[in-house]
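With positions in the sequence shown counted from 1, the corresponding number in this note's numbering is that position plus 10.
Report on the following structure.
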Amino acid sequence: MLEGKVFVTGASSTIGSLLVPMLTEQGAAVQALGRRPVEFVQGLKLATLDLADKEAELPQGEAGTLIHTASLWLLPGWLEKFHARGVRRVIAFSSTSRFTKRDSASPYELEVVNKLIAAEDHVAAECERLGMAWTIFRPTLIYGGAGGDRNVADIARLIRKFGFFPVFGSAGGRRQPVNAVDLARACVQSLAVPASFNKAYNLSGGETLAYADMVRRIFETLRRRPRLVCIPMPAFRVAVALARLHPRFAHLTPDMALRMQADLVFDHSDATRDFGYCPGRFDPTYLTALD
């Protein structure tokens, strides 16, 4: 059982919405913070806080721990305020994208990479200055959650809409999808473990499979015959441009096609050693609840 109070920022996010009830069940007193009003288990309500507004004030309350599940680049500028509210332990989420997209031709993706790197450096330096123990998690491809995600759930949406999925080349690049439940659990597992203090961890999923095989498993989960259509890069660029007209797919870039051929594989053995991280195999059955 966990003791003490915990701030959770981004509490309505994919990871945050799973983490809040998990912490509550473990006995922690949670102060859930987010942009959207949400009611969690046992009547726990989310307090509104827009981290993008640097002039905003924290809601009333104190806690010894901050778990930040929103975008990491929103955290700089807030750590001193949380420190003043009693926070001495910080867990925050970055992404392995800081490594996999650093050579991207997309200005948008390069901007994200630079923001992640700068935010990681800031969090580590500011926590050390303030005397707060920090841990940064860098997940691979995140999936799961009742509200869906921008990875596996988006693939499923395209399959449902068109009945096929476009790929570039053999789409043989290896992936390690990681369930958001495993990431929320990693927060609970590492929260009070000194071996995890002042470290950054790459958190990959428990199964490594080719991108094409990942997509085939999504087809099978949706009870559809896998139809992967190989298209040339010029056509892929046109398809991405059209998809980006919809706000849901505004994050897509042509470089995603090239990465279908690249291995994006990371070792998580240090997290297993330090706090017992043990992710499961890729299981997209949650998609059936999103029909």
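A virtual CB, placed ideally from N, CA and C, is assigned to each residue, including glycine.
{"Asked": "T75, DSSP secondary structure in three states", "Found": "strand"}
{"Asked": "Reference H3; option with closest CA among R247, M32, T106", "Found": "The structure shown does not extend to residue 3, since the chain is modelled only from 11 through 301, so no value can be given for it."}
{"Asked": "Close beta carbons around K111, own chain, < 6 Å, minus the five adjacent residues each side", "Found": "E119, V123"}
{"Asked": "Test item: CB-CB of F174 and V239 under 7 Å", "Found": "yes"}
{"Asked": "Straight-line Cα distance separating S180 from R227", "Found": "16 Å"}
{"Asked": "Local conformation of T263 per DSSP, three classes", "Found": "coil"}
{"Asked": "Same chain, Cβ closer than 8 Å to G14, five either side skipped, listed in chain order", "Found": "A38, A39, A73, G74, T75"}
{"Asked": "C-beta contact flag for R148 and S104 at 7 Å", "Found": "yes"}
{"Asked": "Contact set for L126: own chain, Cβ-Cβ below 8 Å, skip 5 residues either direction", "Found": "L82, W83, S104, S105, S107, R108"}
{"Asked": "Proximity winner among L85, I169, G154, M224, relative to L193 (alpha-carbon distances)", "Found": "G154"}
{"Asked": "Among K91, H78, G44, nearest to E65 - alpha-carbon criterion", "Found": "K91"}
{"Asked": "Best match in T150, L43, A190 for proximity to R184 [C-alpha to C-alpha]", "Found": "T150"}
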